[in-house]
Amino acid sequence: MVFFRVFNAVSGGKVFTKTNFNTLFNEAFSLLIVTYALIFVMAQGKNDMSLGGVVALAAALAAHASSISGNLVLPVALLVGLLCGLLNGLIVTEFRIDSFIATIAMSFILKGFVELLLQSGVQSIPIKMMMLDSQQLKITVALVFGIISFILFKYTMFGKHCRAIGSRLEVCRQSGVRVKLVQYGSYVFTGLASGLV
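Numbers 1 to 197, taken from the UniProt record's numbering, label the letters of the sequence shown in order.
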């Protein structure tokens, strides 16, 4: 804090500029979206370390799809995220592999697929797709997704079950909570958020 104050005084107050805030928001946007969704997984005492791999694979496949049609970008990215979330949910719930180990392994596997897909090159996208990099669109998406996540987590049975599973898993099972379904749902939601980014 002291360093920040000194830097602010030395720079003449140029830290709080619109450009700096835009840069910070652009850097934080991806983390913000996936963090909203990751809350559902972490509330259950689980983890999802595959987010970087899911984002990379969704972006690579969406870029390939954009060469066919720009309208395919979002559906392809969301579908990739959904499938990766389902796969993570399957591994963690059905095979009972620790979520940290399973999802970090998934991250390496997905990043390997991306390397094979891109062959260590760059995938170009049509110039009209750059409109998705709008600051206003990102702010709107972050606000809407944040509000939806908050409502889901705080006021729905899904959110309450996520929190309950994290507190007492066995009590939830004996109370009739469909634990596996809730765990699948949380991983799917995290995967969709990764695809959205």
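No residue lacks a Cβ here, since even glycine has one placed at the ideal position from N, Cα and C.
### Task
Would you give the residue range spanned by the alpha helix (DSSP H) that A43 belongs to?
As a working note, residue 43 is residue 43 in the sequence shown. Premise fails: A43 is in no alpha helix (DSSP H) and is neither H nor E.
### Query
Any idea what DSSP makes of Q119, helix, strand or coil?
Working through the sequence shown from its first residue, we reach residue 119 at position 119. If DSSP states are grouped into helix, strand and coil, Q119 belongs with coil.
### Query
Out of curiosity, what's the CA-to-CA distance linking A105 and L117?
For this step, residue 105 is matched to residue 105 along the sequence shown. For this step, residue 117 is matched to residue 117 along the sequence shown. Near 18 angstroms, if we compare the C-alpha coordinates of L117 and A105.
#### Entry: Buried or exposed by the 16-neighbour rule on C-beta atoms within 10 Å, applied to F26
As a first step, residue 26 must be located in the sequence shown, where it is residue number 26. What sits at residue 26 in the sequence shown is Asn, not Phe. By the 10 Å Cβ count, N26 comes out exposed.
### Task
Pair every Cβ in the region 74-85 with every Cβ in the region 135-147, then say whether three or more of these pairs are closer than 8 angstroms.
no
#### Entry: Euclidean distance between Cα positions of F145 and L181
Against the sequence shown, residue 145 aligns to sequence position 145. Against the sequence shown, residue 181 aligns to sequence position 181. Taking the straight line joining both Cα atoms gives about 22 angstroms.
### Query
What is the residue span of the alpha helix (DSSP H) that M157 lies within?
Stepping through the sequence shown from its first residue, residue 157 is reached at position 157. Note, M157: alpha helix (DSSP H), 157-167.
### Buried versus exposed, by CB contacts within 10 Å (16 or more), A28
As a position in the sequence shown, residue 28 is number 28, starting the count at 1. When all chains shown are included, A28 counts as exposed.
### Message
Helix, strand or coil, according to DSSP, for R178 in the structure here?
### Response
Working through the sequence shown from its first residue, we reach residue 178 at position 178. Three-state DSSP puts R178 in coil, outside helix and strand.
### Query
Would you say L152 touches the ligand NAD, meaning its beta carbon is less than 7 angstroms from a heavy atom?
Inclusion of the ligand NAD in the displayed structure is not the case, the ligand content being empty and no account of it being possible.
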